[in-house]
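Protein chains: 2
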Amino acid sequence: MGEFELIRNFFAAAPCAQGGEGVDLGIGDDCALLAVPPGEQLAISTDTLVAGVHFADPCDPFLLGQRSLAVAVSDLAAMGATPIAFTLALTLPTVTADWLQAYARGLNRMAQSCGVALVGGDTTRGPLSMTMTVFGRVPNGLALCRSGAQPGDLLCVGGELGNAAGALPLVLGERTAEPAIADPLLAHYWSPQPQLALGQALRGKATAALDISDGLLADCGHIAQASKVSVQVERDRLPLSGALVAFLGQAGAQNAALSGGDDYVLAFTLPSVELSPLLSEGWPIHVIGRIVAGQGVTLLDSDGQDITPQTQGYQHFRESP
Amino acid sequence: MGEFELIRNFFAAAPCAQGGEGVDLGIGDDCALLAVPPGEQLAISTDTLVAGVHFADPCDPFLLGQRSLAVAVSDLAAMGATPIAFTLALTLPTVTADWLQAYARGLNRMAQSCGVALVGGDTTRGPLSMTMTVFGRVPNGLALCRSGAQPGDLLCVGGELGNAAGALPLVLGERTAEPAIADPLLAHYWSPQPQLALGQALRGKATAALDISDGLLADCGHIAQASKVSVQVERDRLPLSGALVAFLGQAGAQNAALSGGDDYVLAFTLPSVELSPLLSEGWPIHVIGRIVAGQGVTLLDSDGQDITPQTQGYQHFRESP
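Which chain is which? The protein sequence lines are A and B, in order. If you read the first sequence in the numbering used here, its first letter stands for residue 101, the second for the next number, and so on. If you read the second sequence in the numbering used here, its first letter stands for residue 101, the second for the next number, and so on.
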């Protein structure tokens, strides 16, 4: 048995590969088999993380295991889907038992937290990268698409923004900070919590939704384009963590919130009548702007002045190979 | 808009991304949405191909586009599933319009041939590799698993074996051959045809099935292990192409058929009573052995002597990075 077959057996024996609701057949055959209840659709998303592009190499394999799965499952949250399962295509330059065990521990922890089972995948030799494909289910017609935002809707987010971008200089070792600042930022970067319960609570209420991965302004641009509307973001309403403001200052924290990637917080549009019931249920919803007729994204200051930056959006951790 | 976002738009506009039966929502949102009819299960498989490991680099991108999808869809055939859709996670070191267009043409051709729609994926910068995840549907309880083979069943394959392994020295430029020999071998390597119709015809008839990717003996070992039986393979009943025998000689062709990977022909076990009706329907089924009580795989010569080789199975195109 070759070492890569040993790895396949290793993952097949992992706690997260031991079945789950909706999994009719897991690892070990030509295909996995999932059950989708009548009246529901299957939601699917794929994400690739490449060493040196999406994460520093080397990095802590336990944290990488958590993060690689969380990033993918966040797309299920953005769709309002209930998670079922995932596949893992893992490419490794060399096989190191310590690395694999730590990676699998991180994966298991996030899989348990999100309620997904590992049902298949592939393990191959090559430069370090991983592709996760995640599966969820959502009642017919209730998936949260990007295309339904209407003029008059509120623009909302499900939590503080910019923490992952704030963490990046810490991850790269370019800066240091005291634990009270560094710890919450790094926790957000390495272990983002997909907002699955919030996504499900927004079914039939939010008119458009996505998870913020490219940066708030860039991702609002995706809603604007898909919904054929204009999105107005109010800079002074952005929810910022105390750690982020302490680390970057108010202006730096706002910039991280507007343009930094990797937050994996939900952004969504909501008819104003839907807001109060959700707030009274205790959902962490922050109104940060609104939808108007038009096209594109506009950033406003507290006086309503247009302060939209010329360049928006997304940079990978490092854009060159 | 960055070059990788341009690529995403390029694939979103590709013919194979224009929807299809069972695709409720394709490329462009956080998730794709598939419909699975009541009474059916969703079948899922993931395959990664890495440059320099699973294919020579450089190679013809059109052929690579065809082959990368065919390899993945073949797992749906092995499960008896009807194809619906696939996702593509493509990692590229540089963006070259010519390469992308040729790759997409190959992908489109195979997608059309197999009846699958591109519903999502990811495009990232990094060392060349691709992960395909394919989706199909199969009536509840009729999927062809590896675990149902019974003593007394016939061991069958769906076509000639060894052609892809025979093609490898041609692909690598280590040998040449006249077109009458080289062309059919290379065609099999670069454009394997997933045996989807055969897989569906075997529903409710075959007791176990898989597609031969690791080599016949190694893959029979997977059936033996999953079904807890012994698989007897008769060397002199292996179906070999004239081109393969002309290129490698009888003994070399038999070795390629037994141990070479990448055939993507179905191997399956069949109660003998099921054989005649399938043959009279015209399915290309070759009986190459049988299932007996026990465990493992045995290779027999024409006298029934055990000639099982010591090492079985599978080598990647090149095992080192």
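Note that CB positions come from ideal geometry on N, CA and C, so glycine has one too.
Taking C-alpha positions only, B:His386 is separated from B:Pro339 by approximately 7 Å. Between B:Gly226 and chain A, the shortest Cβ-Cβ separation is below 8 Å. Inter-residue distance for B:Ala172 and A:Glu105 is about 18 Å (C-alpha atoms, whole angstroms). For B:Val136, the chain A residues whose C-beta falls within less than 7 Å of its own C-beta are Val136 and Leu142, listed in chain order. Taking the Cα positions, A:Leu133 is about 6 Å away from B:Ile144. Around the beta carbon of A:Val331, 16 or more other beta carbons lie within 10 angstroms, which makes this residue buried. Residues of chain B with a Cβ closer than 7 Å to the Cβ of A:Ser229 are, in chain order, Thr191, Gly226 and Ser229.
Straight through space, the alpha carbons of B:Arg335 and B:Ser402 are spaced by roughly 7 Å. If only complete runs of 3 or more residues are kept, the stretch 225–253 of chain A shows the beta strand (DSSP E) at 229–239, in order along the chain.
B:Ala353 sits buried, since 16 or more C-beta atoms from the chains shown fall within 10 Å of its C-beta. For the pair A:Pro227 and A:Leu192, the Cα-to-Cα distance works out to about 6 Å.
The distance from the Cβ of A:Val257 to that of A:Leu366 is about 7 Å, consistent with a contact at the 8 Å cut-off.
Per the C-alpha coordinates, the member of A:Gly404, A:Leu169 and A:Gln410 positioned closest to A:Thr233 is A:Leu169.
The Cβ-Cβ distance between A:Ala181 and A:Arg237 falls below 8 Å.
The beta-carbon of A:Val216 is placed no less than 8 Å from the nearest beta-carbon of chain B.
Using a 10 angstroms sphere on the CB of B:Asn109, the tally of other CB atoms stays under 16, which defines it as exposed.
Secondary structure remark: continuous alpha helix (DSSP H) runs of at least 4 residues inside the stretch 322–400 of chain A, in chain order: 342–359 and 375–380. No residue range can be given for B:Ser291, since it is assigned to no beta strand (DSSP E) and is classified by DSSP as neither H nor E. Interface residue (Cβ-Cβ distance to chain A less than 8 Å): B:Leu207 is not classified as such. Only residues of its own chain outside the window of five on either side were considered, and among them Leu255, Gln332, Val333 and Glu334 have a CB closer than 6 Å to the CB of B:Gly389, listed in chain order. Of the residues assessed, B:Gln166 falls on the buried side of the cut-off, its CB having 16 or more other CB atoms within 10 angstroms. The CB of B:Gly221 comes closer than 7 Å to the CB of Thr146 in chain A, given here in chain order. Legend: CB atoms of the stretch 262–294 of chain A lying less than 7 Å from CB atoms of chain B are not found in any residue. For the stretch 316–328 of chain B, the set of positions with a beta-carbon nearer than 8 Å to some beta-carbon of chain A reads Ala326 in chain order. Within 10 angstroms of the beta-carbon of A:Val392 lie fewer than 16 other beta-carbons, which makes it exposed. Within the stretch 113–133 of chain B, the residues whose Cβ lies closer than 8 Å to any Cβ of chain A are, in chain order, Asp124, Leu125, Gly128, Asp129, Asp130, Cys131, Ala132 and Leu133.
Comparing alpha carbon positions, the residue from B:Glu121, B:Gly128 and B:Asp124 closest to B:Ala113 is B:Gly128. The C-beta of A:Asp175 comes closer than 8 Å to at least one C-beta of chain B.
Close partners of B:Thr187 in chain A (Cβ separation under 7 Å): Ile144, Thr146 and Thr233. DSSP places A:Val136 in the coil class of the three-state scheme, outside both helix and strand. A residue is called buried once 16 or more other Cβ atoms fall within 10 Å of its Cβ, and A:Ile281 is buried on that count. Between A:Ala189 and A:Met230, the gap from beta carbon to beta carbon is short of 8 Å. With a beta-carbon spacing of about 7 Å, B:Phe111 and B:Gly221 fall inside the 8 Å limit used to define contacts. In this structure the stretch 319–326 of chain B does not touch the stretch 198–213 of chain B; the number of beta carbon pairs closer than 8 Å is below three. Of the candidates B:Ala267, B:Gln141 and B:Thr148, B:Thr148 places its Cα closest to the Cα of A:Arg225.
With a contact defined as Cβ atoms closer than 8 Å, A:Leu270 and A:Ala264 miss out at about 11 Å.
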